[in-house]
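Undergrad:
Numbering (the UniProt record's numbering), first residue to last: 1 to 81.
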């Protein structure tokens, strides 16, 4: 544990940011899995789930939570027939 006041604050800030990043990344992964499941089952809300997943993938890429190439790969996979 650091002794300097600003370093203590940075540790706290980094921890909360890490928790937020993990939560957002998990939400993205869940949305992608739900969209893939809907596509395989030909569900009626398939387009809605794919749209939501693509939106979350774009947000994760924008926030540098995932690499831009991975985002492109995921989106391409979701959009494929």
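Glycine included, each C-beta is placed from N, C-alpha and C at the ideal position.
Fair warning: this is a prediction, and the values are worked out from it, not measured in the lab.
For the candidate residues 78, 75, 43 and 53, whose alpha-carbon lies nearest to that of residue 30?
TA: 53
Undergrad: For the region 18-29 against the region 54-61, do three or more pairs of beta-carbon atoms, one drawn from each stretch, fall closer than 8 Å, so that the two count as touching?
TA: yes
Undergrad: Using only CA atoms, which one of 76, 65 and 73 lies nearest to residue 20?
TA: When only C-alpha atoms are compared, the closest one is 65.
Undergrad: Which of the three DSSP states, helix, strand or coil, is assigned to residue 24?
TA: helix
Undergrad: Identify, in the order they occur along the chain, each residue of the same chain with its Cβ nearer than 8 Å to the Cβ of residue 32, setting aside the five sequence neighbours on each side.
TA: 53, 56, 57, 74 and 78
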